[in-house]
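Notes follow once the structure below has been shown.
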Amino acid sequence: MKELGKMLRQAKEMQNNVKNTQKELEKTIINAESKNGFIKLEISCSHKIKSISIEDESLQDKIQLEKCFIEAFNDANKKIDKETKSKMSGVAGGILPPNFKLPF
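Structure, rendered in structure tokens:
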């Protein structure tokens, strides 16, 4: 019975850690850009865009501009995933067995 109580306390602690980490991630801003630097984004880890910067020279070619947007958003998503995995990996705090993969 003592072990069950300990496990429940650890689960509650982990739940609180997850909530706190999610709040921290919402405030974390990622800088991303297209490969040529024409489009620059500031985006939170909760996928809310804070700012977009577009170089004037990119406005002359619609197809190139669209490609730059895609590159910038893909760069942002890659960085958000990396940041989220990095911060969430420490949340379990030794509760989970080694090599256990979390779904984020």
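Per this note's numbering, the sequence shown starts with residue 18, numbered consecutively.
The beta carbon of each residue, even a glycine, is placed where N, CA and C say it ideally should be.
Contained beta strand (DSSP E) runs [length at least 3] in the stretch 18-104, N- to C-terminal order:
46-50, 56-61, 66-71
Look at Ala89 and Leu42 and say whether their C-beta atoms are less than 7 Å apart.
no
Have a look at Lys40 and Ser106 and give me their C-alpha separation to the nearest angstrom.
15 Å
Do you know whose CA, among Ile87, Gln81, Phe55, Ala93, lies nearest Ser70's CA?
Phe55
Quick one: Cα of Gln32 to Cα of Arg26, how far?
Rounded to the nearest angstrom, the two C-alpha atoms are 10 Å apart.
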